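Below is one structure; the comments refer to it alone.
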Amino acid sequence: MRLRFADARTWRYSMAAVGKIIDEAAYRFNEKGARLRAIDPSRIVLVDFSIPRDALLEYEIEKEEVVGINMEDLTKILRRATKGDELELKTLEGDRLAVSFIGRGTRTFIIPSLETMAEELPELSVEFTVKAKFPPSVFRDLIKELEPISDAIEFNVVKDEEKIIAKAISDIVEAEIELTIESGALLEFEAKEDAKAIYTVDYLSDIVAASQAAEELIFEFGTGVPCKIEYTLSRGGKLIFYVAPRIE
Amino acid sequence: MARKIPWIIKYRPKRIDDVIDQDDAKKQLISWINSWLKGKPSKKAALLYGPAGCGKTSLVEAIANEYKLELVEMNASDFRRKQDIDRIAKVAATMRSLFSRGKIILLDEVDGISGKADFGAIEAILYLLEVTRYPVIMTANDPWNQRLKPLRDASLMIPFKRLSERHVVAVLKRICQAEKLECEDNALKEIARRSEGDLRSAINDLQGIAEGYGKVTLGLVRSLTTYRDREYAPFEALHKLFNAKYIFQAKSAITQTNIDYDTMLIWINEHIPTYYDDIEEMYRAYEALSRADVYRGRIVKSGSWDLLSYVFDMMGPGVAFVKKTYKYKWKAYRSPARLQLLAQTKKARETLNQIASILAKRLLISRATAKSDVVPYLRVIFRYNPRLAAKIAIEYGFNEDMIKLLAGEKSNEVIAYYKKLSKK
C-alpha cells in the first residue's frame, strides 16, 4: 500500500486530537480509501477518521491492509509536518510503516506496526435533534473558555430562539456562552425541538485540538444522547468524534 | 489477516452456560446483576476471587455478552495510578454508553495494586464505587491482603473454586473436537493434572503442542509441558508441605505461597500439632522449625542472606520429613490464633506503646523497662484508686484510650475524676 496526501498538516492536527484519546488504533486501507475507527479505553468516545480515495493524490493498493499503530509514536512524527509538506504513507515488508514528508527534501520515518485485534465496532445510530455548523476556532474557544470552570459543559437549545447556550457551573463560578448566527458564532443552525445535554469537558478539550485541520465543524446533539463532532477535512475527508453524555 | 488467535481468546465462553463449573458463583453474580438492572443493588460492587484460570474474568465476559451489556475493562497494568482510574473507570461509570446499552465496569486483578507504588489507587476505587451508576466487578487471586480491606467491605464477595481435573479435561476435549484434533484421552488428563486447575494454562499447553505437532499424545505432553510455579493460599501450601513425598515438593511449598516466609513460619508453628499425631514426630518437627528460626535470627543479626536457603530447608523438608511412616492425611488448616490475636490487640498494643514512650521520656528509662516495671503498678493504682489515678493521668497527659487500657473495668470512674479535676 502506498498513498500520497496533499497536506501533511491535516493528518498532523487530526492525529494530535485522536492521539490524546486513543493509545493504539488500526488503520484500514482498502479500495474506498483509508479509515480509522476506534473507541477509547473508557468507551465514551468513538473516533472515525476517513479519507476517501478521491481525496488522495496517489493511491496504490492491491488488497485490504490493516495497520496497527501506536498513536504516541505516530503523533510525535507527524508533529514534524510543516506548511507545504505532502504526506506519503507506505507499508513495508515485515509489518512496518514508512511515513514521509515531501516538501523541502524528503524526510522518511519508519515505525513498526502493532499486532492489534481490530475490534469490530458497531455503527452508531443516534437521532440528533440539533445540528449546528461552526468555524472550528469558535468551537475551540468555547471549550477552552469553559474548561477552567467545571468538568462538564451543558448545552441548551430553545428551538424558537435559534441559539445554543453553553454553560459551565462550579460551586463558585458560573459561565455562560450564547451562540447565534447573527453574532457570527454559528454558520448554520437547525433544531427539531428543545434540547439539553451534558458532556464531559476533558474529552471535548482533547477533540478541539484538531480544529486547525478543518475548515468547518458540525456539532450535533440531542437530549440525553451522544453528541457528534464532525470536522470537514479538505477534499471529502472526515474526522468524526462521538461522545457519550453524562447521566443526570 | 492470517494471524493465529490464541485459543484462550478463540474459545472464550460466549454464554454463561459455557463457563465450566462455578455454579454457586454464577448464581450469586447473576442475582446481583439482576438487582442492578432492577435498580437497587445491595452493594455497588462485587469482588470475585479464586485461583488463576478458574473463570472469573470469563464469567464476567459471558454475562456481559448474554445480557448485552457493554464491558469496560481495566487490567492491572492500566490501573496502577489514581489518575488512570479516574480517567477510565470513573468516566465510564458516570457517562451513558455510546451504544445506549447498560455497562459493566470490570477491574481485573485488583490485588495487583501495590501499596506504595500505586498510592491512592484504593481510594480512587472507593470513590468510583461511590459515584458509579453501573455495576463494578473486581477480580483477585488473593483478596485477603490488608490493603484490600476497604474494597472487601464495600463489595459482595463471591468465591470461585479451583477447577477439578475432570472439568479441565471436559473443556480441553471440547476444543479438540472443534479444532478436529487427534487427542489421546490420557494426554488431556495429563495436561489437566499438570495445570492444577488452571484452565488458561491448560489451554495454552494444548495449543502449544497441537500447533507444533498436529496431534496430542501422552508422550508429547510428558516431554513438553512443565509444572508451573504457582501461588497457593497458605492452607493449600501447608497441605502440600505436610503431604510432600519428595524434598523438592516440601521446599517449593514454602516459596510458592502468597504469604511471606515469616508468616508461613507462624502457620507451620501453629499446625505441626494439627498434622502430626505422634508425640515424637511433633518433637522432631518443632526441633526443625526452631532451627529454621535460629537461622532467621542469624540473618537479621549478621545480614548474611545466604543463610536463607537453610531457613527454607528447615521449615519445609525439615518439618515434613520427620514422620516415621508416610501417610497421606487431609487436615483443615485454619488461620493461626496468634495472627488473629495480634490483629485483635493491635490497638491496645499501640496504646501501650504510647504510654510507654510518655513514661520513658519522663522517668529517663527505656520503653521496655517502662512497660515491664512501671505499667504493672499503674494498672494496680488505676484499678484501686481512681482519684489518684486521675491525677496521675492528668500529670502525665494520658488520653482516654490510655486510661481505659490501664483502668479496665474501672475506667468510667477514673474518667469521671479526670474530667472533674481537669476542669479546675
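Residue numbers (our numbering), protein chains in the order written: chain U, 7 to 254; chain V, 1207 to 1630. Every residue, glycine too, gets a C-beta built ideally from N, C-alpha and C. For clarity, every value in this text was computed on a predicted model and none was experimentally measured.
Query: Excluding five sequence neighbours on each side, which residues of the same chain lie with their C-beta closer than 7 angstroms to the C-beta of lysine 137 of chain U?; Result: Glu196, Ile224 and Glu226
Query: Can you check whether the C-beta of arginine 1218 of chain V is within less than 8 angstroms of a C-beta belonging to chain U?; Result: no
Query: How big is the Cα-Cα spacing for methionine 1207 of chain V and isoleucine 116 of chain U?; Result: Since pLDDT at methionine 1207 of chain V reaches only 37, below the 50 mark, its modelled position is unreliable, and the value read off the structure follows with that caveat. C-alpha separation (whole angstroms): 21 angstroms.
Query: Please list, in chain order, the residues of the segment 1289 to 1311 of chain V that have any C-beta partner in chain U closer than 8 angstroms.; Result: Arg1293, Ile1294, Ala1295, Val1297, Ala1298, Thr1300, Met1301, Arg1302, Ser1303, Leu1304, Phe1305, Ser1306 and Lys1309
Query: Glutamate 1267 of chain V touches chain U at which residues, Cβ-Cβ below 7 angstroms?; Result: Within chain U, no residue comes near glutamate 1267 of chain V; the closest Cβ sits about 14 angstroms away, beyond 7 angstroms.
Query: My output table needs one value for glycine 190 of chain U: the three-state DSSP class, helix, strand or coil.; Result: coil
Query: Our contact map puts tyrosine 1255 of chain V next to isoleucine 1381 of chain V with C-beta atoms below 8 angstroms; I'd like the distance itself, whole angstroms only.; Result: That belief does not hold up - the Cβ atoms of tyrosine 1255 of chain V and isoleucine 1381 of chain V are roughly 26 angstroms apart, past 8 angstroms.
Query: Check for me: the alpha helix (DSSP H) holding leucine 1514 of chain V runs from which residue to which?; Result: 1514 to 1519
Query: Does aspartate 1223 of chain V have its Cβ less than 8 angstroms from a Cβ in chain U?; Result: no
Query: For glycine 1522 of chain V, count the other beta carbons within 10 Å of its own beta carbon; 16 or more makes it buried, fewer makes it exposed. Which is it?; Result: buried
Query: Please classify glycine 90 of chain U: does DSSP put it in a helix, a strand, or coil?; Result: coil
Query: Please report the straight-line C-alpha distance between phenylalanine 11 of chain U and valine 249 of chain U, rounded to a whole angstrom.; Result: 28 angstroms
Query: Give me the chain V residues within the contact set of serine 48 of chain U, using Cβ-Cβ distance strictly less than 8 angstroms, ordered along the chain.; Result: Val1278, Arg1293, Ile1294, Ala1295, Val1297, Ala1298 and Met1301
Query: Taking just the CA atoms, how far does aspartate 212 of chain U sit from glutamate 2 of chain U?; Result: With chain U covering 7 to 254 only, the question about residue 2 of chain U has no answer from this structure.
Query: What's the gap between the Cα of leucine 205 of chain U and the Cα of valine 73 of chain U?; Result: It should be pointed out that residue 205 of chain U corresponds to tyrosine in this sequence rather than to leucine. The alpha-carbon atoms of tyrosine 205 of chain U and valine 73 of chain U are separated by roughly 31 angstroms.
Query: What did DSSP end up calling lysine 1274 of chain V once you bin it into helix, strand or coil?; Result: coil
Query: If we call anything under 8 angstroms between Cβ atoms a contact, is isoleucine 1222 of chain V one with glutamate 1272 of chain V?; Result: yes
Query: What residue range does the beta strand (DSSP E) around tyrosine 248 of chain U cover?; Result: 244 to 249
Query: Just checking, does the segment 1236 to 1255 of chain V make contact with the segment 1358 to 1370 of chain V on the three C-beta pairs under 8 angstroms criterion?; Result: yes
Query: Taking DSSP's pairing of strands, which residues face valine 1 of chain U in a bridge?; Result: In the structure displayed, chain U extends from 7 to 254; residue 1 of chain U sits before or after that span and is not available.
Query: Using a beta-carbon distance below 8 angstroms, is isoleucine 27 of chain U in contact with chain V?; Result: no
Query: Using a Cβ-Cβ cutoff of less than 6 angstroms, which residues in the same chain neighbour glutamate 70 of chain U once the five nearest sequence positions on both sides are dropped?; Result: Asn36
Query: I'd like to know whether the C-beta of proline 128 of chain U is nearer than 8 angstroms to at least one C-beta of chain V.; Result: yes
Query: Taking buried to mean at least 16 other C-beta atoms within 10 Å of its own C-beta, is glycine 111 of chain U buried or exposed?; Result: exposed
Query: In this structure, how does DSSP classify phenylalanine 1448 of chain V when only helix, strand and coil are distinguished?; Result: helix
Query: For the beta strand (DSSP E) containing serine 139 of chain U, name the first residue and the last one.; Result: Checking the sequence shown, residue 139 of chain U turns out to be lysine, not serine. That run of the beta strand (DSSP E) goes 136 to 140.
Query: Where leucine 1627 of chain V and glutamate 1619 of chain V are concerned, what is the direct C-alpha to C-alpha distance, given to the nearest angstrom?; Result: 12 angstroms
Query: Which residues, in order along the segment 1354 to 1383 of chain V, keep a beta-carbon less than 8 angstroms from a beta-carbon of chain U?; Result: none
Query: Taking only beta-carbon atoms, is isoleucine 75 of chain U less than 8 angstroms away from chain V?; Result: no
Query: CA-CA distance, alanine 1398 of chain V and leucine 1378 of chain V?; Result: 8 angstroms
Query: Need the endpoints of the alpha helix (DSSP H) that alanine 1538 of chain V sits in, please.; Result: Per DSSP, alanine 1538 of chain V belongs to no alpha helix (DSSP H) and is neither H nor E.
Query: Cα-Cα, which of V/Gly1326, V/Lys1246 and V/Asp1391 is closest to tyrosine 1340 of chain V?; Result: V/Lys1246
Query: Between valine 1266 of chain V and isoleucine 1226 of chain V, what straight-line distance do the alpha-carbon atoms span, to the nearest angstrom?; Result: 13 angstroms
Query: Could you round the C-beta distance between alanine 158 of chain U and valine 207 of chain U to whole angstroms and report it? I think they count as a contact, below 8 angstroms.; Result: 6 angstroms
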